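For the sequence shown, UniProt numbering begins at 1 and goes up steadily by one. Even glycine gets a Cβ: it sits at the ideal position worked out from N, Cα and C. This structure is a prediction, so every number in the text was calculated from the model and none was measured.
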Amino acid sequence: MNNNIVSTNNTTYNTTYNYDIIYNQSIIYSTLNNTTNHLLHIEKRYWCLCLMIFSIATLFGNSLVVLSVLRERSLRNATNWFIVSLAIADISLAILVMPLATWLESGNTLTFEVNDTEFKSWSEHQFWNAVTFS
1 MNNNIVSTNN TTYNTTYNYD IIYNQSIIYS TLNNTTNHLL HIEKRYWCLC
51 LMIFSIATLF GNSLVVLSVL RERSLRNATN WFIVSLAIAD ISLAILVMPL
101 ATWLESGNTL TFEVNDTEFK SWSEHQFWNA VTFS
């Protein structure tokens, strides 16, 4: 702390500067902020890992459905062909949508310029693919 005594024309002013308190508060804030950022980084890694596991599981499980109907003649009926079409739709989502979602969740951005209309079109395309394929 700095104590300064200023005197002017028989009047004395005693001023105290509290730089230490402000400095300590900024250290505490900085420490809390860094801890919060670190926890958010760990949480993002967790969600990215979950998205990758879901993508791989979706791809693997639906591939088994398609292969089982293609290999086994007794499974080739209208109902199972419908299930195969749904499995193919899920495979396309696992290949096209989930990796991009994982990429964006990890904090990365798209490297190409997208205007507002193209972005809305891309978002709608993803939505309708999910609705149609599911």
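**Cβ distance (whole Å) where Asn62 is taken to contact Ala87 below 8 Å** = 4 Å
**Item:** Secondary structure of Arg76, DSSP reduced to three states
**Value:** coil
**Request:** Give the straight-line distance between the Cα atoms of Leu59 and Asp90, rounded to the nearest whole angstrom.
**Result:** 8 Å
**Request:** Taking all protein chains shown into account, decide if Leu93 is buried (16 or more other Cβ within 10 angstroms of its Cβ) or exposed.
**Result:** buried
**Asked** Would DSSP call Ser85 helix, strand or coil?
**Response** helix
**Asked** With a Cβ-Cβ cutoff of 8 Å, do Leu75 and Ser68 count as a contact?
**Response** yes
**Backbone secondary structure at Val66 - three-state DSSP** = helix
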